[in-house]
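Below is one structure; the comments refer to it alone.
There are 2 protein chains.
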Amino acid sequence: MFEQINGGVCAAKGFKAAGVHCGVKAGSKPDKNDLALILSEKECAAAGTYTLNRVKAAPVYVTMEHLEDGVAWGVVANSGNANACCPMSHENAVAMAKAAAAVTGREQSDFVVCSTGVIGQTINIAAIEAGLPKVAEKLAAGEAASDAAARAIMTTDTAKKEVALQAKIGGKTVTMGGIAKGSGMIHPNMGTMLCFITTDCAITHEMLEDALRDVVTKTFNRVTVDGDTSTNDTCVVLANGMAGNELVEWKNEDYETFRSLLMELCTELARKIAADGEGASRLITCTVSGARNEETAERLAKAVVGSSLVKAAMFGADANWGRVICAMGYSKAPFRPEYVDIRFGSAAGDILVCEQGAAVAFDEEQAKKILTQSEIVIDINVNEGEGTAECWGCDLTYDYVKINGDYRT
Amino acid sequence: MFEQINGGVCAAKGFKAAGVHCGVKAGSKPDKNDLALILSEKECAAAGTYTLNRVKAAPVYVTMEHLEDGVAWGVVANSGNANACCPMSHENAVAMAKAAAAVTGREQSDFVVCSTGVIGQTINIAAIEAGLPKVAEKLAAGEAASDAAARAIMTTDTAKKEVALQAKIGGKTVTMGGIAKGSGMIHPNMGTMLCFITTDCAITHEMLEDALRDVVTKTFNRVTVDGDTSTNDTCVVLANGMAGNELVEWKNEDYETFRSLLMELCTELARKIAADGEGASRLITCTVSGARNEETAERLAKAVVGSSLVKAAMFGADANWGRVICAMGYSKAPFRPEYVDIRFGSAAGDILVCEQGAAVAFDEEQAKKILTQSEIVIDINVNEGEGTAECWGCDLTYDYVKINGDYRT
Numbered sequence: 000m001f002e003q004i005n006g007g008v009c010a011a012k013g014f015k016a017a018g019v020h021c022g023v024k025a026g027s028k029p030d031k032n033d034l035a036l037i038l039s040e041k042e043c044a045a046a047g048t049y050t051l052n053r054v055k056a057a058p059v060y061v062t063m064e065h066l067e068d069g070v071a072w073g074v075v076a077n078s079g080n081a082n083a084c085c086p087m088s089h090e091n092a093v094a095m096a097k098a099a100a101a102v103t104g105r106e107q108s109d110f111v112v113c114s115t116g117v118i119g120q121t122i123n124i125a126a127i128e129a130g131l132p133k134v135a136e137k138l139a140a141g142e143a144a145s146d147a148a149a150r151a152i153m154t155t156d157t158a159k160k161e162v163a164l165q166a167k168i169g170g171k172t173v174t175m176g177g178i179a180k181g182s183g184m185i186h187p188n189m190g191t192m193l194c195f196i197t198t199d200c201a202i203t204h205e206m207l208e209d210a211l212r213d214v215v216t217k218t219f220n221r222v223t224v225d226g227d228t229s230t231n232d233t234c235v236v237l238a239n240g241m242a243g244n245e246l247v248e249w250k251n252e253d254y255e256t257f258r259s260l261l262m263e264l265c266t267e268l269a270r271k272i273a274a275d276g277e278g279a280s281r282l283i284t285c286t287v288s289g290a291r292n293e294e295t296a297e298r299l300a301k302a303v304v305g306s307s308l309v310k311a312a313m314f315g316a317d318a319n320w321g322r323v324i325c326a327m328g329y330s331k332a333p334f335r336p337e338y339v340d341i342r343f344g345s346a347a348g349d350i351l352v353c354e355q356g357a358a359v360a361f362d363e364e365q366a367k368k369i370l371t372q373s374e375i376v377i378d379i380n381v382n383e384g385e386g387t388a389e390c391w392g393c394d395l396t397y398d399y400v401k402i403n404g405d406y407r408t
Numbered sequence: 000m001f002e003q004i005n006g007g008v009c010a011a012k013g014f015k016a017a018g019v020h021c022g023v024k025a026g027s028k029p030d031k032n033d034l035a036l037i038l039s040e041k042e043c044a045a046a047g048t049y050t051l052n053r054v055k056a057a058p059v060y061v062t063m064e065h066l067e068d069g070v071a072w073g074v075v076a077n078s079g080n081a082n083a084c085c086p087m088s089h090e091n092a093v094a095m096a097k098a099a100a101a102v103t104g105r106e107q108s109d110f111v112v113c114s115t116g117v118i119g120q121t122i123n124i125a126a127i128e129a130g131l132p133k134v135a136e137k138l139a140a141g142e143a144a145s146d147a148a149a150r151a152i153m154t155t156d157t158a159k160k161e162v163a164l165q166a167k168i169g170g171k172t173v174t175m176g177g178i179a180k181g182s183g184m185i186h187p188n189m190g191t192m193l194c195f196i197t198t199d200c201a202i203t204h205e206m207l208e209d210a211l212r213d214v215v216t217k218t219f220n221r222v223t224v225d226g227d228t229s230t231n232d233t234c235v236v237l238a239n240g241m242a243g244n245e246l247v248e249w250k251n252e253d254y255e256t257f258r259s260l261l262m263e264l265c266t267e268l269a270r271k272i273a274a275d276g277e278g279a280s281r282l283i284t285c286t287v288s289g290a291r292n293e294e295t296a297e298r299l300a301k302a303v304v305g306s307s308l309v310k311a312a313m314f315g316a317d318a319n320w321g322r323v324i325c326a327m328g329y330s331k332a333p334f335r336p337e338y339v340d341i342r343f344g345s346a347a348g349d350i351l352v353c354e355q356g357a358a359v360a361f362d363e364e365q366a367k368k369i370l371t372q373s374e375i376v377i378d379i380n381v382n383e384g385e386g387t388a389e390c391w392g393c394d395l396t397y398d399y400v401k402i403n404g405d406y407r408t
């Protein structure tokens, strides 16, 4: 566990951020930020992971192109529109990068570009172009408003997701901060929802890329809210080297510390995304142990947190473990039903509900008490090997239906 | 289209059926049937398809064993308990077949055994054993109550699913009838929810098996309610040959007629299952055409009807086609986003919402009118080839959450 500090994406040396309301979505409230800018004083090594959805939003392609050289200076992002599947989507994503470059005196290709919101409606690029000078002004005035940027990328999120951590790497204090948004259309696949991470660690693009790929697989890719992989998922890390540590350029001890730091930061953000899933009232963590290997454990855990029936049962604080073993069964992961033990746990204790694949008598009152907490753990041991994995999700509530039955209009 | 007649599983010559309340589930209403018996006068060629869930309920294993010889005489089925994952589940499934044999003068292995209901609670086998003489009495009295049997297998279903059709095969009138139950935990995989089909067609076990496998793949396996594949899915056809047609023993014209009859029957039942999905207010049909092949078309259509976000949008009568193309994108099926056309249709007309992968202007009022109907078609053309497929689902409503937040208790 690393030391948690304040400041989000502005915690690391040399990074500024700001967010404003520019009115991307017609009729949006003037106090809801919808445009964010993150900027480094120095060039950053940069790495990104992106949605594997075959339908990718235009900004995803633009960002992929801009990060081909492995460097970047900043991020420009909006909420209120996904800038996807419209005749001018690509041109508008490019225009957004151009506008960010113009107000910061940088190049268009120095920017990561991200959008989130409704698919298939033409983005109000004029609002973004008009808003960018205001954000740039705040940055020039020295604003380090990670909070305002984190709020600017929120859509149906009810809480901002912001974390910063510090570690010693090569004798120097290295800081890393991140902001993320989640909520709906969350089932990241090799990418994630929008997540921006900044660090002052000196690290090569190659090492950064390796660490990010490894960490995303074990954190954001283990979150599911509704099984829908977005067209816009993007996770980007910018490292400007201003901590002054010896450059991390191979997989030594410093690399391992950096990777652990990134893992802890992304785990925190992933949990925040799951806990704030659309309409969610509970964070559900499923831990699987005793699997043949980690992949099997992950597949089992993901099926459990992804099951609509398990999610609805958790909403109702119903210890319906039959739905848990049923979800494991259709996950396509190998395991022996007759070896499975299942426990439900929370701050109120834990209780064994299934042993060796069969029902055991348990106290329904105690189970209810455990399951009415806001964080539930479904703890499964398949008693076959050493593989373990932890996945995160949330319950399925009336509010999920409400939010998504009328999101666009 | 074949002629639709009354009588369900009793429409074909030589089949009787009955259903009673025996109290499988403690506290269940006395007017809710929970035990069904279907019996043929003559031995039947029999074929079944079963859930591919790794966790299979005990009656599934018992039925698989009983149908190994390709013949059967009847079906015994209960609702109120899945008879799955309990220490005595296997013994109880065997006891159920034994009890059915005892009251009908047949062998234990002559029976298909099925259960549906909650997983992980010991089944009240005494209630079933006490109920079977009552059902047998009704059969002996000549009862042909497909209706009572169809009601006995319902759980959260709000409507019984029963169809019967007639066709001429080899100059003789052949009748086929079926009953099914669906509602929750519906995402059949090579099997289906409980579905029992009877026919007086003379057909070999081999031909019956081939026809069933082919038809189930294109009907029940194209339905999804919640993505959860049950532990108990079973679809069985019994053919007693009493129509007197020349035995169908190879893939001639008669076989094709039989296969078409089975296809129409199963399509009807599959649509009924989708329309009565837990909490559903609308039946959603997704038709994909122009795909590279049928498999690609099916994968695309299934992803669309399976998407929580599409389902919630349909509940809200929101023409949010971005979620449709997003679901196609993560389906892992190959297609070119820039070729995709999407239309929404219903009894109130149809409307183009996406052309060549991009937004087109459309009348929101008209779209709303179309989407507030009880049957919606999402019509997708990927303009690449000849592959087509049709899949069925339903909308995601508050009632789904309500039903499943408190199902067990």
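As you go down the protein sequences, you meet chains X and A in turn. Per numbering that gives the first Met the number 0, the first sequence starts with residue 0, numbered consecutively. Per numbering that gives the first Met the number 0, the second sequence starts with residue 0, numbered consecutively. For glycine and all other residues, C-beta sits at the position ideal for the given N, C-alpha and C.
Item	Value
Could you name the residues of chain A that W391(X) contacts, counting a contact when the two beta carbons are closer than 7 Å?	Those within 7 Å of W391(X) in chain A number zero; the least Cβ separation is about 17 Å.
Taking only beta carbons into account, state which residues of the region 105 to 124 of chain A come closer than 8 Å to chain X, listed in chain order.	V117, I118, G119, Q120, T121
Would you call the region 335 to 354 of chain A and the region 241 to 256 of chain A in contact, with 3 or more CB pairs under 8 Å?	no
Does the beta carbon of H204(X) fall short of 8 Å from some heavy atom of the ligand COA?	The model depicted lacks the ligand COA and carries no ligand whatsoever.
Identify whether Y397(X) lies in helix, strand or coil by the three-state DSSP scheme.	helix
With burial defined as no fewer than 16 other Cβ atoms inside 10 Å of the residue's Cβ, what is the status of E106(A): buried or exposed?	exposed
Which residues does DSSP pair with D378(X) in a beta bridge?	T286(X), R342(X)
Taking a contact to mean a Cβ-Cβ separation below 9 Å, would you say M313(A) touches I379(A) in this structure?	no
Please list the partners that T230(A) has in chain X, where partner means a Cβ-to-Cβ separation under 7 Å.	C325, G328
G18(A): which of I118(A), A149(A), G141(A), S39(A) sits nearest, CA to CA?	A149(A)
Between the alpha carbons of E383(X) and A300(X), how many angstroms are there, rounded?	15 Å
Are any of the Cβ atoms in chain D nearer than 9 Å to that of R53(X)?	No chain D appears in this structure, whose protein chains are X and A.
Going by Cα to Cα distance, which pick from V134(X), F334(X), A94(X) is closest to V287(X)?	F334(X)
Tell me which residues share the same chain as V134(A) and place their Cβ nearer than 8 Å to its Cβ, disregarding the 5 neighbours each side in the sequence.	A17, G18, V19, L34, A35, L36, V102
Does the beta carbon of V304(X) come closer than 9 Å to any beta carbon on chain A?	no
Less than 9 Å between CB atoms is the rule here; does A358(A) satisfy it with respect to chain X?	yes
Would you tell me roughly how many angstroms separate the C-alpha atoms of Q372(A) and N403(A), rounded to the nearest one?	25 Å
What does F314(A) touch in chain X if you count any residue whose Cβ is under 7 Å from its own?	V400, G404
Measure the alpha-carbon distance for A273(X) versus T216(X) and round it to whole angstroms.	15 Å
For S27(X), which of helix, strand or coil comes out of DSSP?	coil
Is R322(X) close to chain A, meaning its C-beta is less than 9 Å from at least one C-beta of that chain?	yes
Since N77(A) sits in a beta bridge, which residues does DSSP pair it with?	L34(A), S114(A)
Go ahead and label K29(A) buried or exposed: buried means 16 or more other beta carbons lie within 10 angstroms of its beta carbon, across all protein chains shown.	According to the sequence provided, residue 29(A) is Pro. The question's Lys does not apply to it. Under this definition P29(A) is an exposed residue.
Would you mind reading off the limits of the beta strand (DSSP E) that contains I168(X)?	160 to 168
Within 10 Å of its beta-carbon, does V117(X) have 16 or more other beta-carbons around it, so buried, or fewer, so exposed?	buried
Between which two residues does the alpha helix (DSSP H) harbouring G328(A) extend?	320 to 329
Determine which residues share a DSSP beta bridge with V70(X) and list them.	A44(X)
Along the beta strand (DSSP E) that carries G176(X), what are the first and last residues, could you check?	171 to 179
Name the one or two DSSP bridge partners that L351(A) has.	R342(A)
Among I168(X), G13(X), E205(X), whose alpha-carbon lies nearest the alpha-carbon of W249(X)?	E205(X)
Whole angstroms is fine: what's the gap from P336(X)'s alpha carbon to C325(X)'s?	10 Å
Please report the distance separating the alpha-carbon of L370(A) from that of L282(A).	11 Å
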